[in-house]
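Trainee:
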């Protein structure tokens, strides 16, 4: 198969996902393992979503609504935007891919902070973009260096606020200034997957800036706060013109029926949202205090996950934790050799993590 | 948004999906409508799939297994292929897109019979392929004209066997000869979405040809026979090398968790499969005899749908049927002005279709 395949494909590497629990138990022969590796909602899915899905299962022989009418309608209502400014995706991952497909030709420059969510880089590579990595500054996205890096060849700037894997977030004033300063020919993909978890006052969504920023694409997801990662449903906001272009590149039945149904119900599940946010707050308090006692460094987070510095390599920590049935993320995948990332779990999962960490160190 | 977007995007047009029942009822103010437009399974989803999904809903807060281990394992067992030769897709649509992404650069030629499933063309356009359309011959795919059309610039030939929307199918000997005759640098994407419905003896899958055809990609789906269109789950077979390349271009969590769970259960639901096939056979018999009585021409089908020639334009027939709450497909979307396409429904749906057709003509 050397002949027909495009040459650049040979340089692509796969995305390293968090290990699924079943895979760990299959490969390591452990049982009762827990997963704190993928920033999932430890409470499970929104109960309202489960109920709505159960009632809709008899319709899964039908193709989903390719327009996602009811879900877009609900999102439009919630966020005060016209439906035409909304796109649904098979996870917000898909919208990242569509944006890259629409705007990046081979050799075009794509600016990506480093480290950040790996899918920006993976997608830019798959459309042969030239990736310009801008290192974080004290674990924060460095907007002024990004501004300096913009050239005539820059097509997209990816920003993740709060940023995965660091958990740090930029204030709305900084972002607003950045959006005003950037040339209108450059697309900003601003991924707000974790924005609902932010507790600092000046961290907020950029939705109100959409109207004045025709080059802004905002990404959101049902995978975190709403507990629907398994269904694959994300959404994006942008100008009608951008949404039109992205939609033309999208498979017509990209978001599945169950995901649309579950997402609508989850949006109405205020009780679950509150419970989740309280759990994260309490869990973080516990983890912070334990890490302080252990004398381990960590990065204060605006999300449901945090990075922790380990005295042994993150690869080794990861491997030892796996053997104990605790799935975490080694930050080596992100190019950092001495940090791990965990998400907040249930109280007993947080306790087990701390107990196991003490044991293996 | 004129600046950053790639110019070719302005020439793309959206895929015209079959109207969802809810949309028809919302827009036309009709009730109790039926849908025979999207070749869905009228019996509903596989009951085993529904049961398995219900039992798994408490896990949809977790990301799906990006490797699709258990579903691939089951498919490998069923089809006697190594797991490395299998890819799962968010519908087989996604695999069409991945193949086009992997093999088609701007200006490369993509050969597509005409008319056929529209997504081949849509995807080829979105990667700026030059589309060479080869008209059907007496409603059959014309393999010898396709062979003649192959040039040094040809990257992919798309074949749909049986062919949507005509329902016609090529025999295994013809396809086998074609596969042997085609240069190994040309990828054949052979979409067998409807192969399980074929009743003629010489119509069969090409799976046994995979080993001798390193340039063959076979596509299959759970959307038709298994009644899982709403979940979006398709699969493909090809050499390990091709599968590797396609997987590198795929989002890691492209197929959702519920789809994986449902598909495994559906594969084991022999009772449902038998019931579906019997329903289609009986339904076709009924429709054929009614059309004969009415003196309407139609094309004999190897699938769960068929094309019917109408004395008025297909557009007009489509519109009049919609007003009566019967959703069918105008073949105008496929460039044919005097045919409609329907799929076989439940007995009462088939009767209502015939009754309504008589009324509106």
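Chains as they are written, first to last, in the numbering used here: chain A, 8 to 368; chain B, 8 to 368.
Where a beta carbon is used, it is the ideal one built from N, C-alpha and C, also for glycine.
Beta-carbon of residue 196/A versus every beta-carbon of chain B: anything under 8 Å?
Mentor: The sequence position of residue 196/A within the first chain is 189, counting from 1. So, not an interface residue.
Trainee: Is residue 64/A buried or exposed, if buried means 16 or more other CB atoms sit within 10 Å of its CB?
Mentor: The residue given as residue 64/A occupies position 57 in the first chain. It counts as buried.
Trainee: Rounding to the nearest angstrom, what Cα-Cα distance links residue 125/B and residue 231/B in this structure?
Mentor: What you label residue 125/B is simply residue 118 of the second chain in a count that begins at 1. What you label residue 231/B is simply residue 224 of the second chain in a count that begins at 1. Their backbone Cα atoms lie some 17 Å apart in a straight line.
Trainee: How about residue 87/A: is its C-beta nearer than 8 Å to some C-beta of chain B?
Mentor: Numbered from its first residue, the first chain carries residue 87/A at position 80. For residue 87/A, the answer is no, since every Cβ of chain B falls outside 8 Å of its Cβ.
Trainee: In whole angstroms, what is the alpha-carbon distance linking residue 59/B and residue 238/B?
Mentor: Here residue 59/B refers to the residue found at position 52 of the second chain. Here residue 238/B refers to the residue found at position 231 of the second chain. About 13 Å.
Trainee: Would you decide whether residue 235/A is buried or exposed? Buried here means 16 or more other CB atoms lie within 10 Å of its CB.
Mentor: Against the first chain, residue 235/A aligns to sequence position 228. Under this definition residue 235/A is a buried residue.
Trainee: So what's residue 5/B in DSSP terms, helix, strand or just coil?
Mentor: Because residue 5/B is not part of the residues shown, which for chain B are 8 to 368, the question remains open.
Trainee: In this structure, what does DSSP give as the bridge partners for residue 120/A?
Mentor: The sequence position of residue 120/A within the first chain is 113, counting from 1. According to DSSP, residue 120/A bridges with 141/A.
Trainee: How would you write the range of the alpha helix (DSSP H) that residue 164/B sits in, first residue to last?
Mentor: Working through the second chain from its first residue, we reach residue 164/B at position 157. Run containing residue 164/B: none in the alpha helix (DSSP H); it sits in the beta strand (DSSP E), 161-167.
Trainee: With 16 other CB atoms within 10 Å as the buried threshold, where does residue 104/B fall?
Mentor: Working through the second chain from its first residue, we reach residue 104/B at position 97. Its Cβ being crowded by 16 or more others within 10 Å, residue 104/B is buried.
Trainee: Which chain B residues are close to residue 258/A, counting only those with a beta carbon under 9 Å from its beta carbon?
Mentor: As a working mapping, residue 258/A is identified with position 251 in the first chain. Chain B residues near residue 258/A: 22, 97, 98, 100, 101, 103, 104, 126, 129, 130 and 239.
Trainee: Can you find a CB in chain B that lies within less than 8 Å of the CB of residue 171/A?
Mentor: Counting from 1 along the first chain, the entry for residue 171/A is found at position 164. No, because no Cβ of chain B sits closer than 8 Å to the Cβ of residue 171/A.
Trainee: Between the C-alpha atoms of residue 66/A and residue 342/B, what's the straight-line distance to the nearest angstrom?
Mentor: The count along the first chain starts at 1 and reaches residue 66/A at position 59. The count along the second chain starts at 1 and reaches residue 342/B at position 335. Going by the C-alpha atoms only, they are around 30 Å apart.
Trainee: Please classify residue 327/A: does DSSP put it in a helix, a strand, or coil?
Mentor: Locating residue 327/A in the first chain gives position 320, where the first residue counts as 1. Reduced to three states, the DSSP call for residue 327/A is helix.
Trainee: Can you give me, in chain order, the residues of the region 61-76 of chain A that have a beta carbon less than 8 Å from any beta carbon in chain B?
Mentor: Flagged, chain order: 61, 64, 65, 66, 67, 68, 69, 70, 71, 72, 73, 74 and 76.
Trainee: Nearest-angstrom Cα distance between residue 116/A and residue 159/A?
Mentor: Within the first chain, the letter at position 109 stands for residue 116/A. Within the first chain, the letter at position 152 stands for residue 159/A. Taking the straight line from one Cα to the other gives about 9 Å.
Trainee: Sorted by chain position, which residues of the same chain lie with C-beta nearer than 6 Å to residue 142/A's C-beta, five sequence neighbours on each side aside?
Mentor: For the purposes of this step, residue 142/A is taken as residue 135 along the first chain, with counting starting at 1. Once the five neighbours on either side are set aside, the close Cβ partners of residue 142/A are 121.
Trainee: Check whether the Cβ of residue 3/B lies closer than 8 Å to any Cβ atom in chain A.
Mentor: In the structure as shown, chain B begins at 8 and stops at 368. Residue 3/B is therefore absent and cannot be evaluated.
Trainee: Can you give me the Cβ contacts of residue 328/B inside the same chain, cut-off strictly under 7 Å, excluding the 5 residues immediately before and after it?
Mentor: Reading the second chain from its first residue, position 321 is the one you call residue 328/B. Excluding positions up to five away in sequence, the list reads 335, 363 and 367.
Trainee: Determine, using beta carbons only, whether residue 252/A comes closer than 8 Å to chain B.
Mentor: Sequence index remark: in the first chain, residue 252/A carries index 245 (1-based). Residue 252/A counts as touching chain B.
Trainee: For a cutoff of 8 Å on Cβ pairs, would you count residue 350/B as touching chain A?
Mentor: Looking up residue 350/B in the second chain gives position 343. So, not an interface residue.
Trainee: Of all Cβ atoms in chain A, is any one closer than 8 Å to the Cβ of residue 176/B?
Mentor: Counted from its first residue, the second chain places residue 176/B at position 169. Not an interface residue.
Trainee: Give the range of the beta strand (DSSP E) segment to which residue 242/A is assigned.
Mentor: Position 235 of the first chain, counted from the start, is the residue given in the question as residue 242/A. Residue 242/A -> beta strand (DSSP E) spans 241-244.
Trainee: Got a sec, what are the start and stop residues for the beta strand (DSSP E) residue 278/A sits in?
Mentor: Reading the first chain from its first residue, position 271 is the one you call residue 278/A. Counting along the chain, residue 278/A falls outside any beta strand (DSSP E), though it belongs to the alpha helix (DSSP H) covering 277-301.
Trainee: Give me the chain B residues within the contact set of residue 11/A, using Cβ-Cβ distance strictly less than 8 Å, ordered along the chain.
Mentor: As a working mapping, residue 11/A is identified with position 4 in the first chain. Neighbours of residue 11/A on chain B, chain order: 110, 162, 192, 193, 194 and 222.
Trainee: Is the Cβ of residue 25/B closer than 8 Å to any Cβ of chain A?
Mentor: Taking the second chain and counting its residues from 1, one reaches residue 25/B at position 18. It does: the Cβ of residue 25/B has a partner Cβ on chain A nearer than 8 Å.
Trainee: Quick one: any contact between the region 199-219 of chain A and the region 169-184 of chain A, if contact means 3 or more CB pairs under 8 Å?
Mentor: Yes: the two stretches touch, three or more of their Cβ pairs being nearer than 8 Å.
Trainee: Using beta carbons (cut-off 8 Å, strictly below), is residue 47/A in contact with chain B?
Mentor: Translated into positions along the first chain, residue 47/A becomes position 40. Closer than 8 Å: yes.
Trainee: When you compare only the Cα positions, how much space is there between residue 98/B and residue 228/B?
Mentor: Along the second chain, one-based indexing puts residue 98/B at 91. Along the second chain, one-based indexing puts residue 228/B at 221. Roughly 7 Å between the two C-alpha positions.
Trainee: Do we get a CB-CB distance below 8 Å when we pair residue 8/B with the residues of chain A?
Mentor: Taking the second chain and counting its residues from 1, the one referred to as residue 8/B is at position 1. Below a pLDDT of 50, predicted positions are generally treated as unreliable, and residue 8/B, at 46, falls in that range; no measurement from the model is reported.
Trainee: Name the residue from 139/B, 101/B, 111/B and 166/B whose alpha carbon lies nearest to the alpha carbon of residue 123/B.
Mentor: Here the question's residue 123/B lines up with position 116 in the second chain. With distances taken between Cα atoms, residue 123/B lies closest to 166/B.
Trainee: Mark residue 304/A as exposed unless 16 or more other C-beta atoms lie within 10 angstroms of its C-beta, in which case mark it buried.
Mentor: Residue mapping note: residue 304/A aligns to position 297 of the first chain, counting from 1. Exposed is the call here.
Trainee: Compute the Euclidean distance between the alpha carbons of residue 200/A and residue 188/A, then round it to the nearest angstrom.
Mentor: Within the first chain, the letter at position 193 stands for residue 200/A. Within the first chain, the letter at position 181 stands for residue 188/A. Taking the straight line joining both Cα atoms gives about 24 Å.
Trainee: Curious, which full-length alpha helix (DSSP H) runs of at least 4 residues does the region 154-217 of chain A contain?
Mentor: The region 154-217 of chain A contains these whole alpha helix (DSSP H) runs: 179-188.
Trainee: Along chain A, which residues have their Cβ under 7 Å away from the Cβ of residue 261/B?
Mentor: What you label residue 261/B is simply residue 254 of the second chain in a count that begins at 1. Within 7 Å Cβ-Cβ: 97.
Trainee: Looking at the structure shown, is residue 363/A part of a helix, part of a strand, or coil, going by DSSP?
Mentor: Here the question's residue 363/A lines up with position 356 in the first chain. In this structure, residue 363/A counts as helix in the three-state DSSP scheme.
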